[in-house]
Amino acid sequence: MLYYFKSIYSACVIISVILMPLSFGEMYTSLLNVKQAINVERQLIDHLETYIEHESERLEDIKRFYAKVSDLHSEVYSGPSAAMANPLVAFTLIKRLQSEWLNLIYSDEAQENTQAFRSGYKEVEKEGSLPKLEDLQGAAKGLMRLQDVYALQVGGLVRGHFQRITDGNPIDIYSPTVSVPLSGDDCFLVGKVAYELEDYYHSVQWLEESVRLFRGAGGEWSPENEGTLEDALDHLAFSHFKVQPALYINPMNGRVLKNVQKYERLLVDSPPLLSTDTGLKRPNTTYLRTRNTYERLCRTQGTQPTHYENPRLFCDYFNNDSPGLLLQPIRREVLSLQPYVVLYHSFITDSEAESIRDLAQTGLRRSVVASGEEQVTAEYRISKSAWLKETAHPIIGRLDQRITLLTGLNVQPPYAEYLQVVNYGIGGHYEPHFDHATSASSPLFKLNTGNRVATFMIYLSSVDAGGSTAFIHANFSVPVLENAALFWWNLHRNGQGDGDTLHAGCPVLVGDKWVANKWIHEYGQEFQRRCSPNPEE
């Protein structure tokens, strides 16, 4: 019977891996891939350097020709007319006009240099390591997500600061050690993504910054830019019209390119304000009813005194009466009694966490969510994940054994799923969700091992800001603590799902977040669940 369950489990995992979408075009969903893009750009820099060297040599030749001809006109041709009587002088003039100028003007050298540069780019492109349009759009959405969840001021982001408006003044909520300001074209592309999504709340704010920066640069166009001042004004005018149609002439009745001065005057008369009262109203959400609580918990990042001052919460050194932990108990912090949530400090070592991250890298694929009987990608989960079997490395088996010692649960398949390793992307998050299945049609039940009775989540890295784990209905959040692990029960003792375990992975503001999930199933765990320390039914 056990072999039967293991066979079904392995088959389901293999099928899910095969059906998972490939990572191409999803660079933005994993910061590991974003870091790898640095090496890609270094290759392009090398190609550009070669192109500049060749073009510099070509331009030096042109300068030499210019100097030679200019000298002839200033020293020879401007002198006595007798100079042209010299057949050698006459011959060289005719030769230059009939041959040398043509060779210069129609030279293939410039085209050859450009073609070589383009070929180098295409080689890198063929490797599939360049970001797609989807990546640019996903990165822009990530910035807007951070703007919303953490109430960040767009003007501050543009200057490279993470600021929130408090009492009318910008306050730094995080000061990065390394940052870069955004250009007018950067802001234009973010605003354009919002514009194409008909999200005029965001497009107005980003396009206003784009216009300000383009105007500050004198409206000059740079070859690397996609947008121009006119483009930004064009999109901004229509965005304003859609937000407040009574105050603006429909730009579709006469494109803004004919009215640039008018719209520039409008922006001068009504510049963007520092306060949050800009007249723009953030659209309501229909699918995320807990948005306000979720975002508040993300912003407070574990500072909820009314929750943590509960005298029934405690810390201790825990061994679970296990011989394997008697000499080396783990520091346990009980964070919540309902739902029962525990934080185990220093659960793994730095080297163990690094090994797990390394093992997962080649298997990372876009994370999926359950949708009916299928698994699909979704905007509300931005990350990549990989599944590691115990056979991948001895360290996986040691972690499983450690989890069993702490929880008393059997975490070997089919009693539990393989270890899932997750790396979050730009503004990477996982909006409020349950780990346990809430529908009988969930793909989880294809494993024939029951529902997910418990979750054991390990923080494999630290982050600089953001990324907390927020328990929505329980009204508290847990900041990322490197090498620590969270444990909670997903089901009540009667096997029903615990609604208080609704939780979320807050967007990562700054940092590279890695976690590992071990989901334990009901199969074979009924006795342990009945004897769990959770005091609540």
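Using the UniProt record's numbering, you'd call the opening residue of the sequence shown number 1 and step up by one each time. Quick reminder that beta carbons are idealized off the backbone N, C-alpha and C, glycines included. Since this is a predicted model, take the numbers as computed values, not measurements.
Say yes only if the C-beta of residue 211 is nearer than 8 Å to one or more non-hydrogen atoms of the ligand ATP, and no if none qualify.
As for the ligand ATP, it is missing from this structure, which has no ligand bound.
In terms of residue numbering, what span does the beta strand (DSSP E) encompassing residue 371 cover?
As a first step, residue 371 must be located in the sequence shown, where it is residue number 371. Element bounds for residue 371: 369-371.
Go through its chain and collect everything with a Cβ distance to residue 76's Cβ below 7 Å, but skip five positions before and after it.
Along the sequence shown, read from residue 1 onward, the residue named residue 76 stands at position 76. Closer than 7 Å at the Cβ level, and outside the excluded window around residue 76, lie 83 and 89.
Taking the beta carbon of residue 135 as the centre, do at least 16 other beta carbons fall within 10 Å, making it buried, or is it exposed?
As a position in the sequence shown, residue 135 is number 135, starting the count at 1. Burial call: buried.
From the DSSP output, read off the bridge partner residues of residue 374.
The residue labelled residue 374 in the question sits at position 374 within the sequence shown. According to DSSP, which records beta bridges pairwise, residue 374 is partnered with 371.
Smallest Cα separation from residue 37: which of 49, 72, 131 and 87?
Looking up residue 37 in the sequence shown gives position 37. It is 131.
Count the other CB atoms, across all protein chains shown, that sit within 10 Å of the CB of residue 465; report buried if there are 16 or more and exposed otherwise.
Reading the sequence shown from its first residue, position 465 is the one you call residue 465. Burial call: buried.
Which one of 457, 397, 504 and 304 has the shortest CA to CA distance from residue 291?
On the sequence shown, residue 291 is found 291 positions in, with the first residue counted as 1. Ranked by Cα distance from residue 291, the first of 457, 397, 504 and 304 is 504.
Quickly, what does DSSP pair residue 171 with across the bridge? List them, please.
Within the sequence shown, the letter at position 171 stands for residue 171. For residue 171, which the question treats as bridged, DSSP gives the partners 164.
So which of 211, 87 and 455 has the shortest CA-CA distance to residue 234?
As a working mapping, residue 234 is identified with position 234 in the sequence shown. That would be 211, whose Cα lies nearest to the Cα of residue 234.
What three-state label does DSSP hand residue 187 in the structure shown?
As a working mapping, residue 187 is identified with position 187 in the sequence shown. Note: residue 187 maps to helix in three-state DSSP.
Could you give the first and the last residue of the continuous alpha helix (DSSP H) run that contains residue 540?
Residue 540 is absent from the model: the chain starts at 1 and stops at 537.
Would residue 103 be called buried (16 or more neighbouring beta carbons within 10 Å of its own) or exposed?
Start at 1 with the first residue of the sequence shown, and residue 103 comes out as number 103. Residue 103 should be labelled exposed.
Give the C-beta separation of residue 190 and residue 140 to the nearest angstrom, bearing in mind that I take them to be a contact with Cβ-Cβ under 8 Å.
Here residue 190 is taken as the residue at index 190 of the sequence shown, counted from 1. Here residue 140 is taken as the residue at index 140 of the sequence shown, counted from 1. Sure, about 4 Å apart at Cβ, within 8 Å.
Which of the three DSSP states, helix, strand or coil, is assigned to residue 69?
Within the sequence shown, numbered from 1, the residue matching residue 69 stands at position 69. Helix, per DSSP.
Can you tell me the Cα-Cα spacing of residue 32 and residue 441, whole angstroms?
Counting from 1 along the sequence shown, the entry for residue 32 is found at position 32. Counting from 1 along the sequence shown, the entry for residue 441 is found at position 441. Cα to Cα, the separation comes out at about 34 Å.
Quick check on residue 480 - is its C-beta less than 9 Å from some C-beta in chain C?
Chain labels in this structure do not include chain C; a single protein chain is all it has.
Around the C-beta of residue 561, are 16 or more other C-beta atoms found within 10 angstroms, so that it is buried, or is it exposed?
This structure cannot settle anything about residue 561, because the visible part of the chain is limited to 1 through 537.
In whole angstroms, give me the CA-to-CA distance for residue 222 and residue 510.
Start at 1 with the first residue of the sequence shown, and residue 222 comes out as number 222. Start at 1 with the first residue of the sequence shown, and residue 510 comes out as number 510. Approximately 30 Å between the Cα atoms of the pair.
Measure how close the beta-carbons of residue 174 and residue 162 come, nearest whole angstrom, since I'm counting them as under 8 Å.
Looking up residue 174 in the sequence shown gives position 174. Looking up residue 162 in the sequence shown gives position 162. Yes, they are in contact, since the Cβ atoms of residue 174 and residue 162 sit about 4 Å apart, within 8 Å.
Could you check if residue 66 is buried or exposed, using at least 16 other CB atoms within 10 Å of its CB as the buried criterion?
Taking the sequence shown and counting its residues from 1, the one referred to as residue 66 is at position 66. Answer is exposed; the Cβ neighbour count stays below 16.
Touching or not, the region 477-490 and the region 362-380, by the rule of three or more beta carbon pairs under 8 Å?
no
Counting pairs of Cβ atoms below 8 Å between the region 383-400 and the region 413-427, do you hit three or more?
Counting C-beta pairs closer than 8 Å gives three or more between the region 383-400 and the region 413-427, which meets the contact rule.
Could you name each continuous beta strand (DSSP E) segment of 3 residues or more that falls completely within the region 381-414, going from the start of the chain to the end?
383-388
Might you give, ordered along the chain, the residues of its own chain that have their beta carbon closer than 6 Å to the beta carbon of residue 114, omitting 5 neighbours on each side?
Translated into positions along the sequence shown, residue 114 becomes position 114. Cβ within range, chain order: n/a, list empty.
If the criterion is Cβ atoms closer than 9 Å, does the pair residue 342 and residue 352 meet it?
Numbered from its first residue, the sequence shown carries residue 342 at position 342. Numbered from its first residue, the sequence shown carries residue 352 at position 352. 9 Å or more divides the Cβ of residue 342 from the Cβ of residue 352.
Under 6 Å Cβ to Cβ from residue 385, same chain only, skipping five residues before and after it: list those, please.
Position 385 of the sequence shown, counting from 1, holds the residue named residue 385. Contacts found: 367, 420 and 422.
Buried or exposed for residue 431, going by 16 or more other Cβ atoms inside 10 Å?
The residue labelled residue 431 in the question sits at position 431 within the sequence shown. Classification for residue 431: buried.
Count the other CB atoms, across all protein chains shown, that sit within 10 Å of the CB of residue 99; report buried if there are 16 or more and exposed otherwise.
Along the sequence shown, read from residue 1 onward, the residue named residue 99 stands at position 99. Under a 10 Å Cβ-count criterion, residue 99 is classified as exposed, with fewer than 16 other Cβ atoms of the shown protein chains found around its own Cβ.
Which of helix, strand or coil does DSSP assign to residue 420?
Against the sequence shown, residue 420 aligns to sequence position 420. Of the three classes helix, strand and coil, the one that applies to residue 420 here is strand, per DSSP.
Is it right to say residue 294 is buried, meaning 16 or more other beta carbons lie within 10 angstroms of its own, or is it exposed?
For this step, residue 294 is matched to residue 294 along the sequence shown. So residue 294 ends up on the buried side.
Decide if the region 408-417 is in contact with the region 447-467; the criterion is three or more beta carbon pairs, one per stretch, under 8 Å apart.
In short, these stretches touch, since the Cβ pair count reaches three.
Ignoring anything shorter than 3 residues, give me the beta strand (DSSP E) runs that lie fully in the region 314-352, in order along the chain.
315-318, 330-337 and 340-344
For the region 456-494, which segments carrying the beta strand (DSSP E) assignment without a break, of at least 3 residues, lie completely within its bounds, in sequence order?
463-466, 469-471, 476-478 and 485-489
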